[in-house]
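Below is one structure, written out as structure tokens; comments come after it.
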Ligand code: EPU
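Residue numbers (the numbering used here): 87 to 505.
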């Protein structure tokens, strides 16, 4: 028995879609919330399975987790116990590795299974580990688990060879209680990192430089509780922008920070999409005669790697030859094979995909090989003639809250079936 998403393509979309809180901020904010001893309330929590997996990790660590509203969670770590994190939930997502930084920072000791997550080609965590070592930790890898321990953690200057989102956040969390000052150079600048630093500073941390390449952490001795509202999800907003570019009508996206999506909006406009961005909402109008575009993914504020699969699906409808070059995950092109099953004309020469358009797409059985591939297949399914059946939709449910429900409300013919 398997649950699939089915889409009957070709129906125009009209109406308003509300964007949820950011997955990639939430999955770090939850582990960060246990760094102190007092309760934290996080608002704007997306209802996705990655959050459910992290809640299981918290409960296993005897952290009290409760919700009064659907999109709020209350995290009380006052009776927390630092146990080896070897439960299955850890392997269900990549971001469980944020417990490394959080537990090392709080207890100077952490044992955790290898994290899971989307298969996008190699995803090493050497920079996280080097950062922990620079703060004074020793690392062992025994029976598929990392054991990371420190007698004392001391501030240090850490240069990241690559501006890694995960390494930047993990090192910040490990460093909040260190003696002295930690400086992370070549730090990542993604909006989600600013959100984590905002939470930690509200809890009482002393972190400067959020949103720049140099982040300075002066160690503190205690952290308290607070209320924090999560930023909107720029990947979800970007996905719906692309969907609207493919199928509107007139679609309005609410709860968006358009500034976070400048790179995508500029490419969509270059391709001929009619978009109007205001302070916290965006209107997208029907767009015919799309033109091919070239782009390279890059760390923020460059074009987000997480949006290239959905955009690839849209570019099958653009006249001419588009090129997408991946500089973050050179092998992140599994969606192309699936799109070709739907009669797209894409080819890959790592690290570049070429998309020749415009080709009418035809519905068939396809597989979401990872989260953003799944989003790309939804874009394609909405465009295609006939019915598209998407398999392995658990990838989609890991990162998009109610994607099919939100689309149904604006006129898509999309439904789930158990087969
Ligand atoms: N890298 C290393 N060594 C490390 C860490 C990273 O070589 O120790 C390399 C990676 O292999 C990659 C590059 O550095 O080539 C950038 O990776 P980064 O660490 O920035 O990525 P991440 O933290 O693992 C987050 C998001 C991804 C998103 C990337 C890039 C989360 C939980 N994940 O991953 O999101 O693609 O940043 O923006 O925040 C998604 O949402 O679909 C997703 C995969």
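For every residue, glycine included, the Cβ atom is placed at its ideal position computed from N, Cα and C.
7 angstroms Cβ shell around residue i - same chain, five flanking residues per side excluded
i	result
residue 331	354, 359, 370, 373 and 400
residue 458	392, 395 and 396
residue 479	89, 90, 91, 454 and 460
residue 156	133
residue 272	245, 246, 249 and 299
residue 213	246, 247, 248, 250 and 253
residue 319	105, 106, 107, 108, 109 and 132
residue 363	344 and 351
residue 377	357, 358, 404, 405 and 406
Contacts around residue i, its chain only, beta-carbon distance under 6 angstroms, and the 5 residues preceding and following it disregarded
i	result
residue 386	275 and 276
residue 321	392
residue 226	233
residue 431	442 and 445
residue 411	382, 437 and 438
residue 350	324 and 393
residue 475	90, 92 and 451
residue 220	242 and 244
beta-carbon residue i near the ligand EPU non-hydrogen atom, thresh 7 angstroms
i	result
residue 109	yes
residue 346	no
residue 266	no
residue 507	Outside the shown range of the chain (87 to 505) lies residue 507, about which nothing can therefore be said.
residue 252	yes
residue 214	yes
residue 275	no
residue 58	The shown model of the chain, from 87 to 505, leaves out residue 58, and the question about it has no answer.
residue 113	yes
residue 35	Limits of the chain in this structure are 87 at one end and 505 at the other, which puts residue 35 out of reach.
residue 211	yes
residue 181	yes
residue 502	no
residue 227	no
residue 415	yes
residue 248	yes
residue 208	yes
residue 278	yes
residue 297	no
residue 96	no
residue 485	yes
residue 221	no
residue 397	no
C-alpha gap between residue i and residue j, whole angstroms
i	j	result
residue 305	residue 211	24 angstroms
residue 496	residue 105	13 angstroms
residue 289	residue 311	6 angstroms
residue 141	residue 163	12 angstroms
residue 181	residue 201	7 angstroms
residue 301	residue 407	41 angstroms
residue 192	residue 117	11 angstroms
residue 542	residue 487	Because the chain spans 87 through 505 in this model, residue 542 falls outside it and cannot be assessed.
residue 183	residue 259	11 angstroms
residue 490	residue 342	19 angstroms
residue 223	residue 161	27 angstroms
residue 169	residue 263	20 angstroms
residue 527	residue 153	Outside the shown range of the chain (87 to 505) lies residue 527, about which nothing can therefore be said.
residue 463	residue 215	35 angstroms
residue 291	residue 285	9 angstroms
residue 231	residue 402	43 angstroms
residue 368	residue 348	12 angstroms
residue 37	residue 190	With the chain covering only 87 through 505, there is no way to say anything about residue 37.
residue 287	residue 293	6 angstroms
residue 197	residue 433	42 angstroms
CB of residue i within 8 angstroms of CB of residue j, strictly
i	j	result
residue 148	residue 167	yes
residue 326	residue 159	no
residue 297	residue 280	yes
residue 122	residue 309	yes
residue 333	residue 425	no
residue 120	residue 136	no
residue 278	residue 108	yes
residue 502	residue 206	no
residue 266	residue 240	yes
residue 282	residue 257	no
residue 471	residue 95	yes
residue 171	residue 199	yes
residue 456	residue 477	no
Own chain residues within Cβ distance below 8 angstroms of residue i, not counting five before or after
i	result
residue 465	325, 328, 329, 332, 396, 399 and 400
residue 99	329, 330, 333, 334, 335, 337, 468, 493, 496, 497 and 498
residue 414	383, 384, 385 and 391
residue 375	358 and 405
Hey, which unbroken runs of the beta strand (DSSP E) at 3 residues or more fall wholly within the segment 245-278? Counting whole runs of 3 or more residues, the segment 245-278 contains the beta strand (DSSP E) stretches 267-271.
Runs of beta strand (DSSP E) wholly within the segment 195-245 (minimum 3 residues, chain order): The DSSP assignment places 195-199, 224-228, 231-235 and 243-245 as complete runs of the beta strand (DSSP E) inside the segment 195-245, in order along the chain (cut-off: 3 residues).
Segments assigned beta strand (DSSP E), at least 3 residues, entirely inside the segment 115-160: Restricting attention to beta strand (DSSP E) runs no shorter than 3 residues, the segment 115-160 encloses them at 126-129 and 150-152, ordered along the chain.
Can you check the segment 343-384 for any alpha helix (DSSP H) of at least 4 residues that lies completely inside it and give the ranges in chain order? Segments of the alpha helix (DSSP H) lying fully in the segment 343-384: 348-357.
What runs of the alpha helix (DSSP H), each 4 residues or longer, lie entirely inside the segment 424-471? Listed in chain order, the alpha helix (DSSP H) runs fully inside the segment 424-471 are 457-469, counting runs of at least 4 residues.
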